[in-house]
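Chemist: Note that the protein sequences, when read in sequence, are chains C and G. 311 is the number that my numbering gives the last residue of the first sequence; the numbers go up by one with no jumps. 515 is the number that my numbering gives the last residue of the second sequence; the numbers go up by one with no jumps. Note that the Cβ used here is the ideal one computed from N, Cα and C, for glycine as well.
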Amino acid sequence: MLTFILKRLLLLVPILLGVATITFVLMYIVPGDPVRAIAGERYDEETLARMRTELGLDRPLVVRYVDFLGRLARFDLGRSFVTRRPVAEAIRERFPRTLILALSAMGIAVLGGVVIGALSAWGRRPALSRALMTFSLVGVSMPVFWLGLLLIYLFAIKLHVLPPSGYGGGSIKNLILPALTLSFASMATIARVTRSGFLDALGEDYVRTARAKGLGERMILGKHVLRNALIPVITIAGADFGSYLSGSVLTESVFGWPGLGRFIVQAILKRDFPVIQGAVLFMAVLFVLVNLAVDVSYGAIDPRIRSEGGG
Amino acid sequence: MIRAAIITLCISFAFAVPGCARHGDDRVLRLALQTEPTTLDPALSVDFSSGEIASLIHSNLVSFDPDARIVPDLARSWEILDGGRQYVFHLGPARFSNGRRVTAADVVYSMRRLLDPRAVSPRWWLLASLAGASAYHEGGSWNPAAASAANDSTVVVRLSRPVPHFLGLLAMPAAGIVCREEVERLGARYARSPCGSGPWKLSAWNEGDEILLAPNPGWAGRRTGLAGLSFRIIPEEMTQIAEFEVGNLDVLEVPRSELEHWRAAGTPLLWKEELRVVYIGFNTTKPPFNDPRVRQALNMAVDVDKIIAQVLFGAAKRSRGVVPPGLRQSPEPAERYRYDPDRSRALLAEAGYASGFSMEIWQRENPEALRVLESVQGYLADVGVKAKLVTREWGAFKEAIDRGTPDAFFIDWLADYPDPENFLMPLFHSSNVGGGGNRTRYRNARVDSLLDAAAACMDTARRWELYRSAEEIVYEDAPWLFLWFPQKYEVLSPRITGYRIPLIFNGQRFLDVGV
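(1) Quick check on C/Ile-22: buried or exposed, where buried means 16 or more other Cβ atoms within 10 Å of its Cβ?
(2) Could you check whether the region 418-433 of chain G touches the region 324-334 of chain G, counting it as contact only if at least three pairs of C-beta atoms, one from each stretch, sit closer than 8 angstroms?
(3) Using a Cβ-Cβ cut-off of 9 angstroms, state whether C/Asp-44 counts as contacting chain G.
(4) Starting from the Cα of C/Ala-191, find the closest Cα among C/Ile-108, C/Leu-57, C/Ala-102 and C/Pro-14 and give me that residue.
(5) Compare the C-alpha of G/Met-238 against each of G/Ile-177, G/Arg-441, G/Gly-228 and G/Leu-252 and name the closest.
(6) Would you say C/Ala-90 reaches chain G, if we count a Cβ-Cβ gap shorter than 9 angstroms as a contact?
(7) Can you give me the start and stop residues for the beta strand (DSSP E) that G/Leu-544 sits inside?
(8) Taking the alpha carbon of C/Arg-195 as the reference point, which residue from C/Glu-217, C/Ala-121, C/Ser-141 and C/Thr-189 has its own alpha carbon closest?
(9) To be precise: take each residue of the region 399-412 of chain G, compare its Cβ to all Cβ atoms of chain C, and keep it if any distance is under 9 angstroms. Which residues remain?
(10) Please report the distance separating the alpha-carbon of G/Tyr-87 from that of G/Ala-149.
(11) Would you list, in chain order, the members of the region 427-447 of chain G that have their beta-carbon closer than 9 angstroms to a beta-carbon of chain C?
(12) For C/Leu-226 and C/Leu-202, what's the separation of their Cα atoms in angstroms?
(13) Hey, is G/Trp-206's beta-carbon within less than 9 angstroms of any beta-carbon in chain C?
(14) Starting from G/Gln-86, trace the beta strand (DSSP E) both ways and give me its first and last residue.
(15) Using beta carbons (cut-off 9 angstroms, strictly below), is C/His-375 in contact with chain G?
(16) Could you give the DSSP three-state label for G/Phe-397: helix, strand or coil?
(17) Mind pulling the chain G residues with CB within less than 7 angstroms of C/Pro-31?
(18) Compare the C-beta of G/Val-491 against all C-beta atoms of chain C and say whether one is closer than 9 angstroms.
(19) Contact criterion: CB-CB distance below 9 angstroms. Does G/Thr-39 meet it with respect to chain C?
(20) Buried or exposed: where does G/Met-300 fall if 16 or more other Cβ atoms within 10 Å of its Cβ makes it buried?
(21) May I ask which residues mark the beginning and end of the beta strand (DSSP E) holding G/Trp-413?
(22) Looking at G/Trp-219 and G/Ala-94, is the spacing between their C-beta atoms short of 9 angstroms?
(23) Out of G/Thr-460, G/Phe-428 and G/Asp-459, which has the shortest C-alpha to C-alpha gap to G/Ser-449?
(24) Between C/Arg-192 and chain G, is the shortest Cβ-Cβ distance under 9 angstroms, so that the two count as touching?
(25) Going by the DSSP bridge assignment, what does G/Asn-438 pair with across the sheet?
(26) Evaluate G/Arg-22 with the Cβ neighbour count: other Cβ atoms within 10 Å of its Cβ, from every protein chain shown; 16 or more gives buried, anything less gives exposed.
(27) Distance, Cα to Cα, G/Arg-76 vs C/Phe-263?
(28) Of all the CB atoms in chain G, is at least one closer than 9 angstroms to the CB of C/Phe-282?
(29) Taking beta-carbon pairs under 7 angstroms, can you tell me which members of the region 70-84 of chain C lie near chain G?
(30) Excluding the 5 residues flanking G/Ser-257 on each side, which residues of the same chain have their C-beta closer than 8 angstroms to its C-beta?
(31) In angstroms with no decimal places, state the Cα-to-Cα distance between C/Lys-270 and G/Ala-455.
(32) Who are the Cβ neighbours of C/Ser-253 in its own chain at under 7 angstroms, not counting the five residues just before and after it?
(33) Under the rule that 16 or more other beta-carbon atoms within 10 Å means buried, what is C/Arg-304, buried or exposed?
(34) Nearest to G/Asn-216 by CA position, among G/Met-458, G/Phe-96, G/Ile-361 and G/Ser-431, is which residue?
(35) Which value, in whole angstroms, describes the spacing of the CA atoms of C/Pro-126 and C/Ser-104?
(36) Where are the alpha helix (DSSP H) runs, 4 residues long or more, that stay fully inside the region 346-389 of chain G, in chain order?
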């Protein structure tokens with residue numbers, strides 16, 4: 001297991017190098033001049049030229065690339081073109097908020113999805129099963145934006161129980177609606193996957209054996225079936241969590257949540273290269289780590305994978 | 001297991017205690033911004049959010065009131081001498097938010113800083129008319145006569161040529177007076193921790209979430225009745241409306257698509273004509289748009305009044321000319337482009353395009369713009385012109401226009417200072433082709449000479465005559481498909497008094513607003 005983890009961590013270096021190069025080249029190719037974005041409406045060529053020099057944009061591409069790699073090696077992500085603040089500082093401020101949102105959304109999605117999927121697989125109440133599956137279909141089809149506005153309308157404007165938007169200094173009340181909105185699509189998918197996982201498992205021999213042994217239904221579902229159904233759930237949760245961490249721009253925009261996603265999109269629109277490059281690299285690291293965690297957790301849940309030589 | 005999960009969910013939801021309105025000091029005025037400021041350093045503030053907040057924190061020599069009139073700010077009084085080439089400003093008492101008295105030396109420092117090539121300010125052109133400013137900006141030495149402190153409370157400014165709208169330039173956010181030792185101490189971090197002598201000071205900046213301002217004890221002007229200002233950053237219009245409806249915002253800008261709803265509800269709406277003009281510009285160097293007859297024909301092909309009524313819900317005034325009604329001191333040019341598709345076709349035929357032609361109209365991403373342009377597209381099709389709509393995001397859009405790529409583009413122009421010069425000169429003088437504002441690449445020697453003469457003329461009546469003549473020529477030449485001057489609508493929460501929509505964006509300092 002340990003060698004497995006170490007090997008994957010070492011792979012980070014070539015992955016990051018590849019991501020950095022691709023982002024760098026993309027920024028160069030994409031139309032739109034960062035200097036024009038900063039200069040506003042009225043500008044003369046001379047001011048633009050001076051800004052380019054100040055930001056180092058007039059140097060040859062290769063020089064800029066080497067300089068960029070050099071700074072990366074020192075963990076220096078540079079300064080934003082627009083605000084002149086260190087990129088690392090901006091990411092440090094915003095990422096925790098995206099993290100809280102992602103963790104909450106993931107928590108709701110997994111708990112809710114597994115509960116809904118399990119309940120609907122139970123088979124005692126077919127009507128409940130159908131209702132839950134319809135709910136999950138709606139959840140998957142509903143655009144995040146629309147869902148967010150709907151929830152704001154319902155809980156903030158009509159019922160007055162939650163604030164419509166904002167970070168609120170970290171208050172839980174402000175977290176609920178954005179986390180719920182973000183979690184819906186995942187929750188729906190997890191519910192469906194859990195349901196089929198349960199249905200499959202319930203037909204297996206070991207369940208019949210457990211029933212024959214006289215184990216209660218709850219014990220069967222909770223202890224035996226659940227673990228087997230969890231593998232696909234973890235795969236989905238891991239993939240979705242990775243994308244949540246990149247910042248869920250739509251949710252953050254609708255709820256005015258000051259996270260990383262919106263920040264990156266604004267940087268892209270302003271061609272703020274250092275921020276874009278720094279943020280993309282950061283997200284790449286996160287993605288690799290999350291995938292690693294998912295793979296390791298397979299081993300924790302399914303002994304078959306563990307015994308097959310650490311994966 | 002399942003039961004435990006359900007119980008956990010219920011407990012977590014129990015945290016949603018009712019009563020969601022943000023409570024805090026009730027005398028804080030709560031406003032919203034769509035985008036976060038990028039900097040609070042006046043010399044670097046280019047976008048509206050930055051400029052608006054920087055103007056609240058820093059004072060200028062003179063500033064705008066909500067009606068865009070020049071009023072004393074740091075300078076209590078001033079004299080204009082030598083035919084407009086010399087200004088003498090007498091400063092009143094004021095302190096920076098760090099407690100130090102503002103002196104004439106601070107004003108000189110701030111002006112010099114704006115022009116300093118090392119500051120790389122995109123707004124250095126505000127003070128380009130100062131004696132020796134261009135040379136200094138190129139890297140030469142500072143001409144001490146440009147701006148000097150005669151004593152602690154007197155600033156003498158010398159211009160290389162008379163500039164009739166100079167006071168308007170001084171009222172712009174970029175000309176804000178900064179605290180020298182703070183700038184030198186903080187360097188680039190001044191953008192986050194500004195120190196000004198304006199009515200407000202920065203009390204907290206919660207990244208991406210909220211900016212809080214508190215009254216500046218050093219402010220020498222009228223005391224405000226408010227305990228502070230809160231600017232929440234809410235990018236989505238619908239979310240802003242939601243916040244207003246639950247009572248978390250005091251002022252809401254009503255999107256045009258929502259106007260009907262608010263009008264029907266009978267809520268009192270404030271409105272103001274913006275100092276902004278919306279138009280479709282033609283690339284006057286690209287055939288067939290180099291022929292004025294084609295441009296005039298296209299103007300007559302579109303029923304602009306109908307578009308305003310249906311797509312904009314009446315929230316605009318059709319433009320005949322370039323200068324918005326709020327600034328005019330003379331009547332608009334006489335109507336030339338009444339909706340007349342037959343005349344349009346005839347004129348196109350005369351120009352050699354009886355069978356029409358194809359063109360592209362470029363726009364930035366904007367749903368309202370799309371609706372407008374689809375209507376325009378329909379009207380143009382009626383006269384045989386096939387218009388293809390091209391959407392680009394803002395950065396690529398601007399760059400394409402600078403390069404002269406699009407045939408036509410849908411864009412607007414917003415005033416920096418309330419003077420017709422701010423419209424006619426950048427938009428139509430040949431020296432401003434490209435990034436300077438003349439996106440249509442329009443060149444007309446007669447217009448150039450009229451604008452040049454007006455730029456040097458200190459007599460207001462004569463200036464207006466010159467601008468009126470220039471505007472007539474431009475209107476006839478039609479480098480634009482003239483559209484409209486938009487109106488801004490706002491609703492207020494019943495708890496505030498004394499608020500007015502400012503004519504220019506940094507003209508409202510909230511000193512008269514009460515809760």
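Modeler: Reading from the atomic positions:
(1) Exposed.
(2) By the C-beta criterion, the region 418-433 of chain G is judged to be in contact with the region 324-334 of chain G, since at least 3 inter-stretch pairs fall below 8 angstroms.
(3) Yes, C/Asp-44 lies at the interface with chain G (some Cβ there is under 9 angstroms from its Cβ).
(4) Closest by alpha carbon: C/Ile-108.
(5) Check the Cα spacing between G/Met-238 and each of G/Ile-177, G/Arg-441, G/Gly-228 and G/Leu-252: the tightest is with G/Leu-252.
(6) C/Ala-90 counts as touching chain G.
(7) The structure shown has nothing for residue 544 of chain G, since chain G only spans 1 to 515.
(8) The option with the nearest alpha carbon to C/Arg-195 is C/Ala-121.
(9) When C-beta distances to chain C are compared with 9 angstroms, the residues of the region 399-412 of chain G below that value are Glu-399, Ala-400 and Asp-402, in chain order.
(10) Rounded to the nearest angstrom, the two C-alpha atoms are 12 angstroms apart.
(11) Result list: Asn-432, Gly-434, Gly-435, Gly-436 and Gly-437.
(12) The straight-line gap from Cα to Cα measures roughly 10 angstroms.
(13) The sequence as given places Asn at residue 206 of chain G; Trp does not occur at that position. By this cut-off, G/Asn-206 is an interface position.
(14) Where G/Gln-86 is concerned, the enclosing beta strand (DSSP E) stretches over 86-91.
(15) Within the shown structure, residues of chain C are numbered from 1 to 311, placing residue 375 of chain C beyond reach of any answer.
(16) Here G/Phe-397 carries a helix assignment [DSSP, helix/strand/coil].
(17) Ala-396 and Glu-399, listed in chain order.
(18) Cβ-Cβ to chain C under 9 angstroms: no for G/Val-491.
(19) Yes, G/Thr-39 counts as interfacial toward chain C.
(20) With 16 or more Cβ atoms within 10 Å of its Cβ, G/Met-300 is classed as buried.
(21) Taken as a continuous stretch (DSSP letters only), the beta strand (DSSP E) holding G/Trp-413 covers 408-414.
(22) Yes.
(23) The residue with the shortest Cα to Cα distance from G/Ser-449 is G/Phe-428.
(24) Chain G contact via Cβ: absent.
(25) DSSP, once it has assigned bridges, lists G/Val-433 as partnering G/Asn-438.
(26) Summary for G/Arg-22: the model assigns pLDDT 44, below 50, so the residue's position carries little reliability; its value from the coordinates is reported in the next sentence. By the 10 Å Cβ count, G/Arg-22 comes out buried.
(27) Spanning the two alpha carbons is a distance of roughly 42 angstroms.
(28) No - not a single Cβ of chain G is within 9 angstroms of the one on C/Phe-282.
(29) Those would be Val-82, Thr-83 and Arg-84, in chain order.
(30) Contacts found: Phe-313 and Glu-368.
(31) Rounded to whole angstroms, C/Lys-270 and G/Ala-455 show a C-alpha spacing of 34 angstroms.
(32) Here the set comprises Arg-262.
(33) The residue is exposed, with fewer than 16 neighbouring Cβ atoms inside 10 Å.
(34) The residue with the shortest Cα to Cα distance from G/Asn-216 is G/Phe-96.
(35) Taking the straight line from one Cα to the other gives about 30 angstroms.
(36) Within the region 346-389 of chain G, the complete alpha helix (DSSP H) runs of at least 4 residues are 367-382.
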